[in-house]
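One structure below.
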Amino acid sequence: MEFNQAARHPLAAESVAAGLRGQLRARSIAARLPADIPEQRLADQGLRADLAYELIHGHLMLDGNARLNLATFVGTWMEPEALRLMGECADKNIIDKDEYPQTTDLERRCLLMLADLWHAPDPSDAVGTSTTGSSEACMLAGLVLKWHWRQRQLGADAAAAPRPNLVMGANRQVCWDKFCAYFEVEPRFVPLGPDRLHLEAEAAAAHCDAGTIGVVGVVGSVVDGSYEPIAAIATALDHLEQRSGLAIPLHIDAASGGFVAPFNAPEWIWDFRLPRVVSINASGHKYGGVLPGVGWLLWRQDALLPRELRFDVNYLGGVTPTIGMNFSRPGAQVVAQYFNFVHLGRQGYRERMALLEAIACHLADQLAVLPPLRLVSHPLGQLPVFCLELEPRVRFWSVFHLSDKLRERGWLVPAYTLPPDQQHRAVLRIVVRAGFSRHMADQLLDDIVRAVAWFESLTVAMPEPMTHCSFSHL
Ligand SMILES: Cc1ncc(COP(=O)(O)O)c(C=O)c1O
29 MEFNQAARHP LAAESVAAGL RGQLRARSIA ARLPADIPEQ RLADQGLRAD
79 LAYELIHGHL MLDGNARLNL ATFVGTWMEP EALRLMGECA DKNIIDKDEY
129 PQTTDLERRC LLMLADLWHA PDPSDAVGTS TTGSSEACML AGLVLKWHWR
179 QRQLGADAAA APRPNLVMGA NRQVCWDKFC AYFEVEPRFV PLGPDRLHLE
229 AEAAAAHCDA GTIGVVGVVG SVVDGSYEPI AAIATALDHL EQRSGLAIPL
279 HIDAASGGFV APFNAPEWIW DFRLPRVVSI NASGHKYGGV LPGVGWLLWR
329 QDALLPRELR FDVNYLGGVT PTIGMNFSRP GAQVVAQYFN FVHLGRQGYR
379 ERMALLEAIA CHLADQLAVL PPLRLVSHPL GQLPVFCLEL EPRVRFWSVF
429 HLSDKLRERG WLVPAYTLPP DQQHRAVLRI VVRAGFSRHM ADQLLDDIVR
479 AVAWFESLTV AMPEPMTHCS FSHL
């Protein structure tokens, strides 16, 4: 049949021939692959590069399709020109500032642009660094908060010194749990409420005391995409200072929102316009539009980064200043960030965020009318992210079943329980990112509508889902 068609149409003939060539090549490579390639120890003899490629390529084919992943906030798409630049920079180590002064210069320009975007009083006096992502940036920001707190304790009675603590909403991202565990700081989580899934101003201030190294405000909560009321939190901390003399600094974890809020909510005040905000982190690899991994951290002024936490090395040629936790890191992502700044400019980011918001709102509004579903957050004026829960009357299935069902079509839409004190509620979260089109949104809608109709037709309860997560660490 294929051969007959091929004979009639030259283009069909070409593609059939190419397909056959591919199959033959794969078969002959498969035949040459040793059957006993060890997976858990180094083989005595290596494989030829083309065979190693085919082996690993085949293995990776079972990975998901990144564009259908609505779980992650991290970029999965860039323009081909950006990919070309990244390829050209694949061998550049950002720490080798003496060898790659041009790349270093692009990092400096990115930092200045971000300081301007986030309204540092004097962008040339702001200080910061690129990082591997927001997690590294948060560790550094937390360490600087702790360093300043300790300075404030000097001279106080050591025996009476409180244990350092960090105040944040229970909706924090796990990097803050890591920071507190790694650097011996008590995490002070402010519980969530039924109508409030993030930090609230008065509750934040009420959790502070003499041991508080800082408060973390989140612009773009990982739980529901919402922005925390940063200005109100700053005001509550001002009042606390007037009442008690406690001067608590505010760090803004804008991992996602740092590249969204300036464009979809430019009038909303959350950044260095608030004098209490000492530092801000953001992930370039989230809504900054870069593939993983690049993050950014800025302090509002140079004096806020202590000399003791800056390091210089002289063995790379010249004197290389380093203020990150990592040493070697890829330079390509920083170059790609600069590409986005040059390529998109303010207008391009504005248009991109408006489009993502429109697609997310379209999805949320269409899903909200399905009777068993209920919106927990709405993407208008926050991240292009939202979550849904099921009406309490639904007994036979859960959001975990819906998440599993969507996987059958390739969509990755995570379901999870909310943090304390709302842990009895399970939600489904949808993250809309660059590369996710209105057409894809409509396909997802069709699949959800079909899945919900199927679940609603059940007359007995679904068994427990096999697993809520297909991945486990050793
Ligand atoms: C609010 C928030 N902070 C920090 C992080 C950690 O960011 P990264 O993945 O860039 O390390 C995330 C990641 O989702 C986040 O949403």
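Count along the sequence shown from 1, then add 28; that gives the number in the working numbering.
All residues carry an ideal CB built from backbone N, CA and C; glycine is no exception.
How far does the alpha helix (DSSP H) with W204 in it extend, from its first residue to its last? Stepping through the sequence shown from its first residue, residue 204 is reached at position 176. From DSSP, the alpha helix (DSSP H) with W204 extends over 202 to 210.
Simplified DSSP state of A489, which is helix, strand or coil: In the sequence shown, the residue the question calls residue 489 occupies position 461. A489 falls in the coil class under three-state DSSP.
Please return the same chain residues whose Cβ sits closer than 8 Å to the Cβ of E109, not counting the five positions on each side in sequence. Locating residue 109 in the sequence shown gives position 81, counting from the first residue. Excluding residues within five positions, the ones whose Cβ falls inside 8 Å are F367, H371.
According to DSSP, is W482 helix, strand or coil? One-based indexing of the sequence shown puts residue 482 at position 454. Here W482 sits in helix by DSSP.
Between the CA atoms of R191 and Q290 - distance to the nearest angstrom: Residue 290 sits at position 262 when you count from the first residue of the sequence shown. Residue 191 sits at position 163 when you count from the first residue of the sequence shown. As written in the sequence, residue 290 is Pro, which differs from the Gln given in the question. Cα to Cα, P290 sits roughly 36 Å from R191.
Reference R136, options V250, L325, S311, closest by Cα: Taking the first residue of the sequence shown as position 1, residue 136 is located at position 108. R136 has its Cα closest to that of L325, out of V250, L325, S311.
Based on the DSSP secondary-structure assignment, which residues constitute the bridge partners of C415? Here residue 415 refers to the residue found at position 387 when the sequence shown is read from its first residue. In DSSP, C415 forms a bridge with R457.
Report the three-state DSSP secondary structure of E214 (helix, strand or coil). Taking the first residue of the sequence shown as position 1, residue 214 is located at position 186. In the structure shown, E214 sits in a strand (DSSP, three-state: E or B).
Considering only C-alpha positions, which residue in the set D223, A198, G221, N193 is nearest to A209? The sequence position of residue 209 within the sequence shown is 181, counting from 1. Nearest option by C-alpha distance: N193.
Helix or strand or just coil, what does DSSP make of W324? Translated into positions along the sequence shown, residue 324 becomes position 296. Of the three classes helix, strand and coil, the one that applies to W324 here is strand, per DSSP.
What does the alpha-carbon distance come out to for the pair A71 and A59? To locate residue 71, count along the sequence shown from 1; it is residue 43. To locate residue 59, count along the sequence shown from 1; it is residue 31. The alpha-carbon atoms of A71 and A59 are separated by roughly 19 Å.
Tell me the rounded alpha-carbon separation between S152 and D133. Along the sequence shown, read from residue 1 onward, the residue named residue 152 stands at position 124. Along the sequence shown, read from residue 1 onward, the residue named residue 133 stands at position 105. Spanning the two alpha carbons is a distance of roughly 14 Å.
In angstroms with no decimal places, state the Cα-to-Cα distance between A34 and S311. Residue 34 sits at position 6 when you count from the first residue of the sequence shown. Residue 311 sits at position 283 when you count from the first residue of the sequence shown. Confidence at A34 is low in this model, with a pLDDT of 44, below 50, so its placement is unreliable and no value can be given for it.
Where do the N-terminal and C-terminal ends of the beta strand (DSSP E) with T445 fall, by residue? Sequence index remark: in the sequence shown, residue 445 carries index 417 (1-based). First-last of the beta strand (DSSP E) with T445: 443 to 445.
By Cβ distance below 6 Å, which residues in the same chain neighbour E256 in space, the five residues on each side in sequence not counted? For the purposes of this step, residue 256 is identified with residue 228 of the sequence shown, where counting begins at 1. If we look at E256 and ignore the five residues flanking it on each side, its Cβ neighbours are H226, L227, G245, V246.
For ligand 1, is there a heavy atom less than 7 Å away from the beta-carbon of Q201? Position 173 of the sequence shown, counted from the start, is the residue given in the question as residue 201. Yes, Cβ of Q201 sits closer than 7 Å to a heavy atom of ligand 1.
Any beta strand (DSSP E) of 3 or more consecutive residues that is wholly inside the stretch 356 to 443: 401 to 403, 413 to 418
Taking a contact to mean a Cβ-Cβ separation below 8 Å, would you say Y409 touches M106 in this structure? What you label residue 409 is simply residue 381 of the sequence shown in a count that begins at 1. What you label residue 106 is simply residue 78 of the sequence shown in a count that begins at 1. One detail in the question is off: residue 409 reads as Gly in this sequence, not Tyr. Going by C-beta atoms, G409 is not nearer than 8 Å to M106.
Inter-residue Cα distance where the pair is E127 and N121: Walking along the sequence shown from the start, residue 127 turns up at place 99. Walking along the sequence shown from the start, residue 121 turns up at place 93. The straight-line gap from Cα to Cα measures roughly 9 Å.
For F414 versus G253, is the C-beta distance shorter than 8 Å? In the sequence shown, counting from the first residue as 1, residue 414 sits at position 386. In the sequence shown, counting from the first residue as 1, residue 253 sits at position 225. In contact: F414 and G253 (Cβ atoms closer than 8 Å).
My output table needs one value for N292: the three-state DSSP class, helix, strand or coil. Taking the first residue of the sequence shown as 1, we reach residue 292 at position 264. Residue state, collapsed to three classes: helix.
Just to check my reading of the structure: P349 and R338 have Cβ atoms closer than 8 Å, yes? What is that Cβ distance to the nearest angstrom? Mapped onto the sequence shown, residue 349 falls at position 321. Mapped onto the sequence shown, residue 338 falls at position 310. Between R338 and P349 the Cβ distance is about 6 Å, and since that is below 8 Å, they are a contact.
Once the 5 residues before and after L401 are set aside, which same chain residues still bring their CB inside 6 Å of it? Residue numbering aside, residue 401 sits at position 373 when the sequence shown is read from its first letter. Excluding residues within five positions, the ones whose Cβ falls inside 6 Å are L395, L416.
Check the DSSP bridge columns for D340 and list the partner residues they point to. The count along the sequence shown starts at 1 and reaches residue 340 at position 312. Answer is P349, bridged to D340.
When burial is assigned at 16 or more other CB atoms within 10 Å of the CB, is H467 buried or exposed? Your numbering for residue 467 matches position 439 in the sequence shown. So H467 counts as exposed.
Element boundaries [beta strand (DSSP E), containing T100]: Along the sequence shown, one-based indexing puts residue 100 at 72. Segment: none, T100 is in no beta strand (DSSP E) and carries neither H nor E.
Could you check which residue in V441, L319, N93, A386 has the C-alpha nearest to that of I476? Taking the first residue of the sequence shown as 1, we reach residue 476 at position 448. Ranking V441, L319, N93, A386 by Cα distance to I476 puts V441 first.
Are the CB atoms of L139 and G156 within a distance shorter than 8 Å? In the sequence shown, the residue the question calls residue 156 occupies position 128. In the sequence shown, the residue the question calls residue 139 occupies position 111. Yes, Cβ-Cβ distance for G156 and L139 is below 8 Å.
Excluding the 5 residues flanking F483 on each side, which residues of the same chain have their C-beta closer than 6 Å to its C-beta? Translated into positions along the sequence shown, residue 483 becomes position 455. Closer than 6 Å at the Cβ level, and outside the excluded window around F483, lie W425.
How many Å lie between P493 and C203 at the Cα? As a first step, residue 493 is located in the sequence shown; it is residue number 465 there, counting from the start. As a first step, residue 203 is located in the sequence shown; it is residue number 175 there, counting from the start. One C-alpha to the other measures close to 28 Å.
Coil, strand or helix - V305 by DSSP: Numbered from 1 along the sequence shown, position 277 holds the residue referred to as residue 305. Here V305 sits in strand by DSSP.
Is any heavy atom of ligand 1 found at a distance shorter than 7 Å from the C-beta of C415? In the sequence shown, the residue the question calls residue 415 occupies position 387. No.
What number of angstroms, rounded off, separates the C-alpha of G74 from the C-alpha of Y81? Locating residue 74 in the sequence shown gives position 46, counting from the first residue. Locating residue 81 in the sequence shown gives position 53, counting from the first residue. If I take the Cα positions, the gap works out to 12 Å.
So the candidates are N292, I65, N93; which of them puts its Cα closest to the Cα of G438? Here residue 438 is taken as the residue at index 410 of the sequence shown, counted from 1. When each option's Cα is compared against that of G438, the closest is N93.
Please report how far the alpha carbon of G323 lies from the alpha carbon of L333, in whole angstroms. Here residue 323 is taken as the residue at index 295 of the sequence shown, counted from 1. Here residue 333 is taken as the residue at index 305 of the sequence shown, counted from 1. Going from the Cα of G323 to the Cα of L333 covers about 18 Å.
Ignore the nearest five residues each way along the sequence and tell me which others in D330's own chain have a CB closer than 6 Å to its CB. Against the sequence shown, residue 330 aligns to sequence position 302. These residues qualify, in order along the chain: D153, V155.
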